[in-house]
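Below: one structure, written as structure tokens.
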Ligand code: HEM
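Numbering (the working numbering), first residue to last: 1 to 503.
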């Protein structure tokens, strides 16, 4: 046999460490069978193979991981970082924190096209001295919905038809959107050229939701995060994308790893927008509404640091399939706001990961923090080590006078906002669903406007008349010209309701 061990290659073994002398043939009675039952090597090999897949992510299934470093400026704009946050990773100029990032598309399955019209996930894990901080964002600054309760329905409308499992269906997509006008701002992004980034390097990233920063004095501010691509922004038309995906589904992953391999390390600058922590009645939108951007003339971008990606993963499954990000993964000085999407997201991520990857997903090398973990949590499927228990390992509870862990000092106390109000289920007051969508339509370049109109016409043409009518009403309310152009493109009249003179 050509492949027998001669000292040059490591000897093939089972997972039990037994050398395997024949990996080509079943053990059989005679060389024509039947096969015998004591084929441990075969059973181990086949049953492990049978379990090779974990469920793909319910959203963002297609993606690629890279590793790198975040270097802090020590400042937030012109001020010391400490003015706004006590988060350790931001305090000193030049301080480096290792990071991992996973880029993704949203709606498609694990092997779907990377030039789909879809937001791109932009999830960064900072491995800090205070534990992990995940900033789980997208390449577009706003989102389709503002209340987490709507998310499963929204995603169902984006996924293939549940009866035929056929492709995304515009009748299902626009059925949901027609009844969810808060999506109109996001529609003007996703159906514009920005909806198909050329690759994972040439797009920005955004935290989208509103977070808080808290300083050492316990003072909080509201924050939006922006990652500015140092490679610039480049997008594809639907025709260019169709041409690429005819021969290559993983074009963005390929582009990313080729750039890293040739030493052309991609970079993004982290910027924040800051607002005082209150309701801001002077604004025509709610600062906790993720369907809105904060105007940069009023809330300027303030640079915080630079991220560089310089390492591709060694293994797709271990690092991309098993990596687990979540919006609840925050470090001291970086906190939640009451953004109703953010709160719902924070339940969803670790919940899905305990199911998708397993109870002990945080023990995996790609997920565990770089600091020592001291908990009294125990056991569960596939536990492979016990967290540090201190001097007396029998003490797996707290408090204890004998041994165990001590709580951190009170400087780690979270922000303590005052909250009062009636508990209820109700929309926010300042919904203002159309204004920023219209402003965006009017401020993008003419070719982007043309592309946006063309893409919407292309989809709405295939929709039922009731959906065309409802969508045209929404589009017209964003901008009259926008509505007129889409109606003309579809070849229908604008609905009478929008043309009726206002009372
Ligand atoms: C209530 C709203 C949302 C819910 C319930 C939700 C839920 C989820 C779930 C269950 C996953 C799969 C996680 C996994 O299997 O590891 C996921 C992934 C992801 N979500 Fe969300 N999501 C929401 C909104 C958003 C928004 C607004 C953004 C962007 C700011 C976002 C960005 C991402 C990203 C980037 C990933 C992929 C993370 C990775 O690469 O592993 N999600 N989301």
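For every residue, glycine included, the Cβ atom is placed at its ideal position computed from N, Cα and C. Being a predicted model, the structure only gives us computed values, none of them experimental.
Give a single yes or no on whether residue i has its beta carbon closer than 7 Å to a heavy atom of the ligand HEM.
| i | result |
| --- | --- |
| residue 84 | no |
| residue 323 | yes |
| residue 349 | yes |
| residue 341 | yes |
| residue 58 | yes |
| residue 290 | yes |
| residue 143 | yes |
| residue 190 | no |
| residue 105 | no |
| residue 148 | yes |
| residue 123 | yes |
| residue 90 | no |
| residue 208 | yes |
| residue 96 | no |
| residue 138 | yes |
| residue 176 | no |
| residue 345 | yes |
| residue 108 | no |
| residue 353 | yes |
| residue 380 | no |
| residue 151 | yes |
| residue 68 | no |
| residue 63 | yes |
| residue 356 | yes |
| residue 53 | no |
| residue 127 | no |
Quick one: residues in its chain with C-beta nearer than 7 Å to the C-beta of residue i, no 5 flanking neighbours on either side, listed in chain order?
| i | result |
| --- | --- |
| residue 119 | 106, 138, 139, 140 and 190 |
| residue 128 | 88, 89, 97 and 331 |
| residue 207 | 135, 137, 224 and 225 |
| residue 364 | 322 |
Report yes if the C-beta distance between residue i and residue j is below 8 Å; otherwise report no.
| i | j | result |
| --- | --- | --- |
| residue 99 | residue 70 | yes |
| residue 301 | residue 226 | yes |
| residue 211 | residue 334 | yes |
| residue 146 | residue 157 | no |
| residue 441 | residue 430 | no |
| residue 277 | residue 339 | no |
| residue 102 | residue 56 | no |
| residue 216 | residue 86 | yes |
| residue 60 | residue 104 | yes |
| residue 343 | residue 148 | yes |
| residue 113 | residue 24 | no |
| residue 359 | residue 58 | no |
| residue 91 | residue 81 | yes |
| residue 366 | residue 407 | no |
| residue 270 | residue 218 | no |
| residue 185 | residue 16 | no |
What does a CB cutoff of less than 8 Å around residue i pick up in its chain, not counting 5 residues either side in sequence?
| i | result |
| --- | --- |
| residue 378 | 386 and 396 |
| residue 372 | 388 |
| residue 13 | 19 and 20 |
| residue 10 | none |
| residue 553 | What is shown of the chain runs 1 to 503, which leaves residue 553 out entirely. |
| residue 368 | 362 |
| residue 422 | none |
| residue 410 | none |
DSSP three-state label for residue i, please.
| i | result |
| --- | --- |
| residue 435 | helix |
| residue 46 | helix |
| residue 72 | strand |
| residue 340 | helix |
| residue 136 | strand |
| residue 181 | helix |
| residue 493 | coil |
| residue 19 | strand |
| residue 294 | coil |
| residue 254 | helix |
| residue 383 | coil |
| residue 35 | strand |
| residue 498 | helix |
| residue 90 | helix |
| residue 193 | helix |
| residue 187 | helix |
Going along the chain, which residues of its own chain have a beta-carbon closer than 6 Å to the beta-carbon of residue i, five neighbours each way excluded?
| i | result |
| --- | --- |
| residue 27 | 36 and 39 |
| residue 459 | 170 |
| residue 482 | 441 and 475 |
| residue 380 | 359 and 360 |
With a cut-off of 8 Å, do at least 3 Cβ pairs link the segment 233-240 to the segment 209-224?
no
Three or more C-beta pairs closer than 8 Å, one from the segment 191-201 and one from the segment 446-460: is that the case here?
yes
If we count Cβ pairs, one from each stretch, closer than 8 Å, do we get three or more for the segment 315-329 versus the segment 278-294?
no
So does the segment 193-205 actually touch the segment 479-496, counting three or more Cβ pairs closer than 8 Å?
no
Any contact between the segment 158-177 and the segment 460-471? By contact I mean 3 or more CB pairs, one from each, below 8 Å.
yes
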